[in-house]
Amino acid sequence: MDEQTIMGLIMTAGKAKSTAFEAIKAAKKGQFELAANRLSEAENYLAKGHQLQTTALSVMARGDSEPPSLLAVHAQDHLSMAMTTIELGREIIDLYQKISENEH
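The numbering used here applies: residue 39 is where the sequence shown begins, and numbers increase by one.
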């Protein structure tokens, strides 16, 4: 995996994760439409990361690249953390919505 792809993975995963946290914070304030928009943005960043990952894995599968570096493994970890953050974000936002409905 080349360095440009690795950095792209780290950047898109970081944006996905931070945007998912923005969604959670918006839901905590009762701003559910904003939360949904931010979560959608996070999913778009994640999709870009997956696209980079798929391209890199295809190159590796053909044997056209060096073995994965420590930095490549680190990038994969960032992508996994972004996926987890988005999945948990969905659940947390749902809980905030249920709490809000019960308070009214």
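We put the CB at the ideal spot given by N, CA and C, even for glycine. Note that the structure is a prediction, hence the values are computed from the model and not measured.
{"query": "Which residues bound the alpha helix (DSSP H) around Arg128?", "result": "108–141"}
{"query": "Determine the direct distance from the alpha carbon of Asp132 to that of Leu47, and round the result to whole angstroms.", "result": "28 Å"}
{"query": "On the three-pair Cβ rule with 8 Å, is the segment 81–88 touching the segment 104–120?", "result": "yes"}
{"query": "Between Glu141 and Ile124, what straight-line distance do the alpha-carbon atoms span, to the nearest angstrom?", "result": "26 Å"}
{"query": "Exposed or buried, His116, counting other C-beta atoms within 10 Å across all chains shown (16 or more means buried)?", "result": "buried"}
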